[in-house]
Amino acid sequence: MRVLFAGSPAIAVPTLEAIAASRHRIVGVLTNPESHAGRGLRRAKMPVAEAAERLLGDSVPIFTFETLRSEARQAVSAYAPDILVSFAYGRLFGPKFMALFPRGGINVHPSLLPRWRGSSPIQHAILEMDAETGISIQSIAPEMDTGDLYLVQRIPLSGRETARTLSELCGLTAAPLAVQVLDAIEEGRAQTRPQEGTPTYCRMISKEDGRIDWSQPARIIDARIRAFDPWPGTFTFFRGQQLNILEASPLEACQSPSASWGMTNALPGTIIAVDMQKGIIVSTGEGFLAIARLQRATRNAVGFREFANGVRDLAGTVLGQ
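Heads up, this note's numbering is the position in the sequence shown plus 107, with the first residue counted as 1.
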């Protein structure tokens, strides 16, 4: 089949690669316009656009429309696509746009629909400490993530995933499944079923979501650190300056604190000790958090030992101020 592929972030690249290597033909790629990235705010192409150039060269157009109105529809229709494949494109497709595709469209979504409909399913699976997530391949419907399901693949979670590592896993898992569904549609043997169960929804993540609230339990703070890696990252304040927390692990209240720590009843956010095995130990609303890697503003990321060696009188400092 002639495929128009729609996607933007790195999670969608393996699926683009798999379709390009299959018997199906990609006749166009739809992605978001270049973004501004880095401290110098240089213009950066979307990962899908970069992959399309590498895989397909100049033979296939890359569309970066601001809207999917008349001009976009005319440009796409000139390539006579049979089907639309969407993965993390970030926009809804209206009925006029979908009318361009005789075989309709499929969407790859990294959750077990109807759980975590919306734009941040990977982050929310981590935030809510789900035991599993997965890949759902659904038909494209007028409302976001409400389509009938072609295929669902479950992915068990260990509880130590980050959004970065889980995105990579979901991207690799989804790629062969998307081709499998395309093959079934082309051969007339594809079957769908409606989504079952009570839907849950996930909102867009903002930069401010990364600010740590030390009154929360250690396990919640840990989940946020993992869910917001790499973006927006998690941060607190250390002696008036922003401090990014890159890696940590929870020490729950049921775990006996070391007698050498002291101050185990300190206010949430207080650095109570530097444990050379566990990390920088911080009190929370419930339990303790051991910080392993961190980064001060304008400086490189470092391990906790290097950080502690460069700062005096850590114990007793209250983070977040």
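Idealized CB from N, CA, C, for every residue including glycine.
Given the structure is predicted, the values throughout are model-derived calculations rather than measurements.
When the options are compared against residue i, the one with the closest alpha-carbon
i, options, result
"Pro263", "Ser166, Leu163, Phe194, Pro217", "Pro217"
"Ile378", "Gln384, Ile398, Val389", "Val389"
"Val418", "Ile229, Phe395, Arg346, Phe112", "Arg346"
"Pro116", "Lys152, Asp255, Glu268", "Lys152"
"Ile398", "Pro357, Glu235, Leu175, Glu275", "Pro357"
"Ala334", "Ala270, Gln260, Cys277", "Ala270"
"Pro209", "Ala187, Leu273, Asn372", "Ala187"
"Phe204", "Pro228, Ala179, Phe194", "Ala179"
"Gln348", "Gly340, Arg403, Ala330, Ser184", "Arg403"
"Asp420", "Gly410, Val381, Val409", "Val381"
"Gly197", "Glu157, Phe342, Leu163, Pro140", "Pro140"
"Thr405", "Leu374, Gln428, Leu350", "Leu350"
"Glu173", "Phe200, Pro154, Thr299, Arg296", "Phe200"
Test item: CB-CB of residue i and residue j under 7 Å
i, j, result
"Ile87", "Ala125", "Residue 87 is absent from the model: the chain starts at 108 and stops at 428."
"Glu354", "Arg318", "no"
"Ile247", "Gly254", "yes"
"Gly376", "Trp321", "yes"
"Leu258", "Val288", "yes"
"Val136", "Val192", "no"
"Leu396", "Ala291", "no"
"Ile233", "Ala159", "no"
"Ile327", "Ile352", "no"
"Gly278", "Ile118", "yes"
C-alpha gap between residue i and residue j, whole angstroms
i, j, result
"Ser177", "His131", "27 Å"
"Phe282", "Val120", "Note on identity: in this sequence residue 282 is Ala, with Phe being the wrong assignment. About 9 Å."
"Arg267", "Ile244", "25 Å"
"Ser226", "Arg310", "6 Å"
"Asp316", "Arg412", "27 Å"
"Ser129", "Gly392", "52 Å"
"Glu429", "Arg222", "Absent from the structure is residue 429, since the part of the chain shown begins at 108 and ends at 428."
"Thr171", "Phe344", "39 Å"
"Met236", "Leu256", "24 Å"
"Gly211", "Val425", "56 Å"
"Ser313", "Arg161", "31 Å"
"Val155", "Ser274", "14 Å"
"Trp338", "Pro228", "14 Å"
Buried or exposed (CB count within 10 angstroms, at least 16 for buried), residue i
i, result
"Asn407", "exposed"
"Leu123", "buried"
"Asn372", "exposed"
"Met383", "exposed"
"Asn416", "exposed"
Whole alpha helix (DSSP H) elements within the segment 320 to 388, 4-residue minimum: 325 to 334
Counting only runs that start and end within the segment 208 to 236, where is the alpha helix (DSSP H) found for 4 or more residues in a row? 228 to 234
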